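In terms of our numbering, the numbers along the sequence shown are unbroken and rise by one, the last being 143.
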Amino acid sequence: MVQFIVGKKGKGKTKHLLDKVNTEIKDVQGNVVYLDKSTKHMFELNNKIRLIDVSEYMVTDSDEFIGFVCGIISQDHDLQQMYFDSFLKIACLEAEDLGKVIGKIEKISEKFHVDFVISISLDESELPESVRSNIIVSL
5 MVQFIVGKKG KGKTKHLLDK VNTEIKDVQG NVVYLDKSTK HMFELNNKIR LIDVSEYMVT
65 DSDEFIGFVC GIISQDHDLQ QMYFDSFLKI ACLEAEDLGK VIGKIEKISE KFHVDFVISI
125 SLDESELPES VRSNIIVSL
């Protein structure tokens, strides 16, 4: 399953994402990973959640980001959920390439049974029509 929290920059998407991951960790059987552009939110996350600062790993385009995500999944067979904050930035994406990358993430989710919650700095109207049904918060 792939879900989205969307809205322009500064609308409060990160707060919703942090609230969701900290609430979900209480009921999750497996592991949870939170990908971000820095470690700024480290102390706002439950200590059972693994925070990864993507900027430390020299990811320079969306294909490398998908490979990075698959590498994380391949090393943790108990991984149940992944949260992506600042998705366009950490995935090195432009809005026009969003549909293609989300399609890959949906395939990864189905194949490896990992749920994704993704924060995207775009208005709901700027997202591809095919993903709008997966929006859980629109700000």
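Every residue gets a Cβ at the ideal spot worked out from N, C-alpha and C, and that includes glycine.
Model, not experiment: these values are computed from the prediction.
Beta-carbon proximity check, residue i vs residue j, cutoff 8 Å
i, j, result
"D101", "L39", "no"
"S125", "K41", "no"
"K15", "V36", "no"
"Q7", "I140", "yes"
"E128", "S142", "yes"
"T18", "H45", "yes"
Boundaries (first-last residue) of the alpha helix (DSSP H) holding residue i
i, result
"F91", "F91 to I94"
"F72", "S66 to Q79"
"N26", "K17 to E28"
"F47", "Run containing F47: none; DSSP gives neither H nor E here."
"V63", "Element bounds for V63: n/a, residue is neither H nor E."
"G103", "L102 to F116"
Spatial neighbours of residue i in its chain, beta-carbon cut-off 8 Å, leaving aside the 5 residues before and after
i, result
"F72", "V58, Y61 and V63"
"E98", "L92"
"I29", "V36, N50, K52 and I53"
"G34", "D82, L83, Q84 and Q85"
"G103", "P132, S134 and V135"
Span of the beta strand (DSSP E), counted from its first residue to its last, around residue i
i, result
"F8", "V6 to V10"
"F120", "D119 to I124"
"S142", "I139 to S142"
"V37", "N35 to D40"
"L131", "Neither: L131 is in no beta strand (DSSP E) and is coded neither H nor E."
Close beta carbons around residue i, own chain, < 7 Å, minus the five adjacent residues each side
i, result
"V32", "Q84 and Q85"
"K1", "Because the chain spans 5 through 143 in this model, residue 1 falls outside it and cannot be assessed."
"K108", "I70"
DSSP three-state assignment for residue i, whether helix, strand or coil
i, result
"I53", "strand"
"L97", "coil"
Burial state of residue i, where buried means 16 or more other Cβ atoms lie within 10 Å
i, result
"I94", "buried"
"F69", "buried"
"S78", "exposed"
Other residues of its chain near residue i: CB distance less than 6 Å, five sequence neighbours each side excluded
i, result
"D65", "C96"
"H20", "I9 and V141"
"F116", "I77"
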